[in-house]
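S.K.: My questions will all concern the structure given below.
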Amino acid sequence: MTETANGHHAKGAQEVVEQLRCEFVEELTETLQTFDVQLDAARNGRHDLPTLINDCRRAAVLFRGQAANYGMHRLATVAHRLEEYLANTPAVVPPRIWDDLTGYFELMSRMAQGKVGDTDPATLVRSLPAKLGFDLGDIEIRNVEVLLVMPHGAQTRFVERELQQCGYRVSLMSDSLRAFAMVVETKPDLVIISAMMPDLEGIDLSMALSAMPSTRNIPLAVITSLDKDDEILKLLPKRVPVLFKGASFADDLFKALDNLFLI
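Here's what the structure looks like:
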């Protein structure tokens, strides 16, 4: 009797979750269709583009969390990339923004509706447009994905620009627990981790990634303001370079990239 009751309860819970998931897919699809119409209007001067960009960023953050809750991890990753793509949109937008956003809207809608095959997440993120907000000039964008696991701030922005000037595609994750899953899923070409992070320390994250068969071949580096003789840094595998904040940072970064064969 109890087993039967538990079975009915589990089935009922699954039905509720599936109903909520369907409602999420419907809401996402409708929102993206609205954005697509507004994007076309903005392109023709009939809608305010900064307002649309702000709305898209807010929706991307919301969709990222909801998609993750329903186990739609690839969709959550693309939503995260959309928010990053728009995070530093310049006042004068480049012409590519129109096609880039249309592509994002179409891809996310198709993914939500299950119309995209089982694309490898690592391949998927490398197919997405490079983020806005950086004057590329004559810099050639390389197909090299770098994940920064660092808190938001001036130091992080500095590191990001240094890497962008090398032509790398840089993504930022300020939550070390979520970063763990992202590394496993998207397999970046390099992960730079702040030694001190809330929830999961950067040292612990580095050691875990270095030990797991699925991630141990991914190049890692740790950035820190700790003294080079600090005991905690001695816990790191010998092959993980340490980048020290300060006057030597640029040299440390260049040396690490060179040793990892990324330049």
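Okay, so the sequence shown: first residue is 1 according to our numbering, each after it adds one.
Where a beta carbon is used, it is the ideal one built from N, C-alpha and C, also for glycine.
1) What would DSSP say about M212, mapped onto helix, strand or coil?
2) I think I203 touches L236, with their Cβ atoms under 8 Å apart; what is that distance to the nearest whole Å?
3) Looking only at its chain, what residues have a beta carbon closer than 8 Å to the beta carbon of H73, apart from the 5 residues adjacent to it on each side?
4) Going by C-alpha distance, which of D227, I232, A221 is nearest K255?
5) Quick one: residues in its chain with C-beta nearer than 8 Å to the C-beta of D199, no 5 flanking neighbours on either side, listed in chain order?
6) State the DSSP-derived secondary structure class of R46, mapped to helix, strand or coil.
7) Kindly indicate which residue of Q19, S214, A60, L205 has the alpha-carbon position closest to the one of V240.
8) Taking the straight line between their C-alpha atoms, what separation do you get for L107 and P219?
9) Check whether the segment 49-66 touches the segment 80-91, taking contact to mean three or more Cβ pairs, one atom from each stretch, closer than 8 Å.
10) At the level of alpha carbons, what is the spacing between A42 and L32?
11) On a Cα-Cα basis, can you pick out the residue from D100, L28, G65 that is closest to S109?
12) Would L209 pass as a contact of V183 if the rule is Cβ separation under 8 Å?
13) Identify the residues that DSSP records as bridge partners of S171: which are they?
14) Taking the alpha helix (DSSP H) that F254 falls in, what are its first and last residues?
15) In three-state DSSP terms, what is V242?
16) According to DSSP, is A41 part of a helix, a strand, or is it coil?
17) Tell me which residues share the same chain as T224 and place their Cβ nearer than 6 Å to its Cβ, disregarding the 5 neighbours each side in the sequence.
18) Tell me, please, which residues DSSP counts as bridged to V184.
M.R.: In brief:
1) coil
2) 7 Å
3) A67, P121, A181, E185
4) A221
5) D175, S176, L177
6) coil
7) L205
8) 29 Å
9) yes
10) 15 Å
11) L28
12) yes
13) L147
14) 249-259
15) strand
16) helix
17) A195
18) Beta-bridge pairing links V184 to no other residue.
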